[in-house]
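Protein chains in written order, with the numbering used here: chain A, 1 to 399; chain B, 1 to 790. For reference, the structure discussed in these notes is given below.
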Amino acid sequence: MTIKSRDAYIVSALRTPVGKAPRGVLRNARPDDLLALVLKSVVGSVANLNPQEIGDVVVGCAMPEAEQGMNIARIGLLLAGLPHTVPGITVNRFCSSGLQAIAYAADKIRLGEADVMIAAGTESMSLIPMMGHKVVMNPKVFESNENIGIAYGMGLTAERVAQQWKVTREAQDAFSMESHRRAVTAWQTGEFNKEVVPVDVEDSVFDAAGMKIKTTHTNFTRDEGPRADSSLESLAKLKPVFATQGSVTAGNSSQMSDGAAAVLLMSEEALKRYNATPMARFVSYAIAGVPPDIMGIGPKEAIPRALKMAGMKQDQLDWIELNEAFAAQSLAVMGDLNLDPAKVNPLGGAIALGHPLGATGAIRMATLAHGLQRRKLKYGMITMCIGTGMGAAGIFESL
Amino acid sequence: MEQPFLFRKVAVLGAGVMGAQIAAHLANAQVEVVLFDLPAKEGDKNAIVLKAIAGMQKLEPTPFSVKAKASDIVAANYETDLEKLKDCDLIIEAISERIDWKADLYKKVGPFVSEHAIFATNTSGLSLKTLSEHLPGHIKGKFCGVHFFNPPRYMALVEIIPGPATEPRAMDALESFLTTNLGKSVVRAKDTPNFIANRIGVFSMLATLHHAEKFGLGCDEVDALTGPSIGRAKSATYRTADVVGLDTFAHVVKTMSDTLPDDAWHSIFVLPDWFKTLIEKGAHGQKTGAGVYKKVGKEIMVFDASKGDYRPSAGTVAAEVESILKVKNPAEKMAKLRECKHPQAQFLWAIFRDLFHYCAVQSEGICHNLRDLDFAVRWGFGWSAGPFETWQVSGWQQVAKWIQEDISAQRTIANAPLPNWATESTRTGVHSNEGSWSPAAKNLSPRPKSALHARQLFPERLIGESVEYGKTLWENDGVRVWSTGDDIGIMSFKSKMHAVGNEVLDGVIQGVAYAENNLRGLVVWQTEPPFSAGANLAQVSEFLAAKNYTAAEAMVKKFQDASQALKFSLVPTVAAVSGLALGGGCEFVMHSSKAVVALETYMGLVEAGVGLIPAGGGCKELALRAAQAARGGNIFHFIKQAFEAIAMAQVSRSGEHARELGLLRAHDMVVFNQNELLYIAKQQAKAMSESGYRPPLKARDIQVVGKGGIATLKMIIANMLQGGFISEHDAAIAERTATVICGGHVDGGTTVNEDWLLELERSLFVELLKTEKTQARIDFMLKNGKPLRN
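What follows is the structure in structure tokens.
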């Protein structure tokens, strides 16, 4: 049997603003509520969309437990008011979960198995700690040197990348400051306006003075992470966290964050049926493995694969969303692949905008799809490194 | 019957350095406390107080017993919160030392102070009589002075001073509260300028300044001479001024100068010009980063008056003088200091002489008896002996004669003659078991015998007083079991620093057996701190030198047996702890039926420092407690805390902190006054015995996290090692710690018993003992008294 592949199109991509974890605006917001909000928003973006047609809702989440456990995809879509006939699946590939969800959703369309799909990502790092509430390592991890990298914290792997690729502290700090500068400017010039769905944040806390439960509503409209006052001096003062003689600090690492995003995908047939205008076409997606102890270098392997699948050259890319897990690994990848710094994260990256793990891929899809359109550019890519040693890269064509 | 004074709620007025820290200490003591200051001009009205509370959380040494205490202080301001004063039982005013400011405040708060409340001013020397004139009538009968020393958590002394109309029972109630609930050592002073401690202590500093100039000694040289080498605080003279604040010090000196115009020593109640210049330049000491000393990079610089600038601090004690200071016999030492022509020796004799002279002449006016004076100086300034104690131990008659000679020769600062009592030909001193001399009453003043004082079974002693610690019931070379006449035994260790060696282990095991057969309870208490510095490493080292690991393992086994004896004793065993309780000492506390620990208790399982793991039951006990604490929930959460406590050799910063570290249990108690420790521990032992005490049963089903837990801790260790935070050997120790507290390589969630954990502990301890690096750590500790990182 031969399968004729079709194209998958991105019709809508919307995200929440990203909150700082664990003490930001979204500190008490449930990740399933955030998910329901973005799902409703993308469904609402196409007039008369028949929800029965949604083949599946694929949701990325990196620590799928507790408030974001129990197959959050299914819970989120039901809370969003979608009919029970719409299925949902949670996927986990750590930091690329959101992008992976888009790729799976696109594949269903490309295979002809669905005409309408939703991909999403959601993560609350305020509510669920890195590695989850109960961490139990497998003793066999320590039986071989190849696997011991599994036990290394992400920051330590960044230190190892910084060391092996000779990325200096100064370069990392400068890169980080630029990330903040770009993000602050982007917000000032309204670049993010169309991709963001405001969140009505409801907090209920005990008010001792009034002896009552005080419920407040905050209209959350902008990312919390970008700092207008970031400076090389203040960044230089921060102490390395993961190694005594290291260079990786809280200032040149991605921020812990809360947030969600959803993407509505359609086949060409569905586009016609609904008279919908596509934003972008899914071009290719690749994933690759690298040693766990230098996981940050992952994109270096994934990017050429995605380009090869697409039959493209690197210089055809106009915009690269390279997730800034750490300045160290971002610079190492950019250096080895000779990526143009001007094209990488033109609106800032995770160091400024935050990195709600499994949601990030979908969040940056919103940024890329809107950005390419706004600036009338053609090809864009989303790429990231992944814990335990992987890299992911997806290419999209703006229409 | 009159209403008793109850201290449910206390207000502190003024959130400055002293007020805020007094409030912190009240919070430590679980007293409801409201801290007041001026309303902030903008924003939150309580911003000034909130800022002070936040500032204290960064202060070292910390004013709080545990971090969470900070949130127990209620912030308030004089504008919107005066109503909160109405139900306060004690109000401590601690604003700046300005009579006009205090008077204004009294006017403002007066109407809100309840009839029953004690109103106390934390002044360091203003006249109570003058201040009381500014108070509304209903307060005067309950108005007094309460003078804390900085930092109030750590400095023992509080002077209390009655005003002209203070009811005696208010003074008694306040003394009880300060002593038992806040753990302070209280001295009752008279309403004379600067009271006792500051009057004498500041005089001593001024006399030191005076003679330093006369003998041409630099500030650093003076500090080298007037610190620990003569039994005084490490901060000596000038560094003390830096800590106090040069401006504050100048203020205290000015008060002395203004209020004591007829003092025969008045001529030295001034500060040198260079001192004033420093203050004008804003060099106010530690709080401004520069004073007499300042730190430039890593170098300590000292102000040199002759140059008018700072130079590297280098002051040392001359070899000739140093050898005199090492003389054991105090009388011989004083004689040699006086004879020696070296300016440093002459300077030391001069400051002792003038201090003795001043105290002899002024004591009649400022204290009730010389015990109060000596204790005030000891507790307020951290001296190991008060002026009269030093005089007495140096040979009363001889020193008195020398002082008189120097007065005649006009070598003293003032020429007032020594009072008659000081020169009586039969006098050998001022302190004895019969009491201390009272120059005012012209008789011996015996130790007070109130119910409050009866709680201190063995109060702090002065030179000249002797003590007998009860009747021996049983003893061996390491341990003495004795009693004060009832059927609660007291076990005290005989070893240096109360280290635990073979003879102490034998003593504990046999002593507990003796108690089971003959007594109703056993308190483990040392006649002086520390509780125990840990295992006797010298003995361990001997076994290592002989490569006798069998003997070493036998000792560890005995350690476990001793701990288990304390735990499973049929009569209650109560550990009464103050000061250090490290390693094996900590394990004994953990295994007692109950621990009664002083606020200032520094406990920890610090074996990692010498390359070992706790093997006197410490690891076992933490594993057991983790399983109990989890109550069916996530055990690993508690195991991780236990792991950190052991692997990082954490030492508690207070008794309450020891509970946070998991070293104390919910039923263990923290008491504030270490002098009451033995009394309270005995009461607890009695009560437990009366309640039909039964020891716990040996645990047979301890749920452990097993190999998954070990692997997860190994993950933490791998990150620490790769990040360069720990050495390979640290990692080896930490992995063994992990193995024991996780119960060994069993499946997570399965159960083990107490004996299995003890066996694991013991075998992994011996494994480490056999390593070269552990042996190097032990040697290094024995030679240098500090841990080796290898």
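Built from N, CA and C at the ideal position, the CB exists for glycine as well.
- Per DSSP, the beta-bridge partners of V302/B are Y293/B, R311/B.
- At least 9 Å separates the CB of G24/A from every CB of chain B.
- In the DSSP annotation of this structure, the continuous segment of the beta strand (DSSP E) that includes I490/B starts and ends at 488–493.
- Judged by DSSP secondary structure, Y9/A falls within the beta strand (DSSP E) whose first and last residues are 9–15.
- Annotated three-state conformation of T218/A is strand, per DSSP.
- Less than 9 Å divides the Cβ of S5/A from the Cβ of L111/A.
- At least one beta carbon of chain A lies nearer than 9 Å to the beta carbon of T712/B.
- Inter-residue distance for M266/A and Q255/A is about 33 Å (C-alpha atoms, whole angstroms).
- Counting only Cβ-Cβ distances below 8 Å, M137/A has contacts in chain B at G708, A711, T712, K714, M715, in chain order.
- In the DSSP assignment, P162/B is bridged to C144/B.
- Flagged as an interface residue toward chain B: F242/A, by a C-beta distance shorter than 9 Å.
- Residue pairing of V500/B in beta bridges, as defined by DSSP: A535/B.
- Taking a beta-carbon distance threshold of 9 Å, R160/A counts as an interface residue toward chain B.
- For the segment 632–654 of chain B, residues whose beta-carbon sits nearer than 8 Å to a beta-carbon of chain A comprise N634, F636.
- Below the 9 Å Cβ cutoff, chain B contributes no neighbours of K194/A, its closest Cβ being approximately 37 Å away.
- For T192/B, there is no enclosing beta strand (DSSP E), as DSSP marks it with neither H nor E.
- With contacts defined by Cβ atoms closer than 9 Å, L347/A and A228/A do not form a contacting pair.
- Residue environment: T90/A is assigned as buried (16 or more neighbouring CB atoms within 10 Å of its CB, all protein chains considered).
- N719/B reaches chain A at A151, Y152, G153, L156, F242, counting residues in chain order whose Cβ is nearer than 8 Å.
- If you check each beta-carbon in the segment 572–589 of chain B against every beta-carbon of chain A, none falls closer than 7 Å.
- Between the C-alpha atoms of I717/B and I150/A there is a straight-line separation of about 13 Å.
- N415/B sits close to I407/B, with the two beta carbons spaced by under 9 Å.
- By the Cβ neighbour-count rule, W101/B is exposed, with fewer than 16 other Cβ atoms within 10 Å of its own.
- Close to Q245/A, with beta-carbon spacing below 8 Å, are these residues of chain B in chain order: G724.
- Inclusion of G507/B and T484/B in the CB contact set at 9 Å is not warranted, their separation being larger than that value.
- A distance of 9 Å or more separates the beta carbons of V158/B and V202/B.
- Here E93/B has L13, T121 as same chain residues with Cβ atoms under 6 Å from its own Cβ, once five neighbours each way along the sequence are excluded.
- Annotation: the continuous beta strand (DSSP E) that includes F119/B extends over 118–121.
- Under the 9 Å criterion on CB atoms, G748/B is classed as interfacial with respect to chain A.
- With fewer than 16 other CB atoms across the displayed protein chains lying within 10 angstroms of its CB, L697/B is exposed.
- In the structure shown, R6/A falls within a coil segment according to DSSP collapsed to helix, strand and coil.
- Where T472/B is concerned, the enclosing beta strand (DSSP E) starts and stops at 471–475.
- For S257/B, the uninterrupted alpha helix (DSSP H) run begins and ends at 246–259, by DSSP.
- As DSSP reads the structure, R281/A sits in a beta bridge with Y9/A, E397/A.
- For the 9 Å CB-CB criterion, G391/A and A302/A form a contact.
- No residue range can be given for D44/B, since it is assigned to no beta strand (DSSP E) and is classified by DSSP as neither H nor E.
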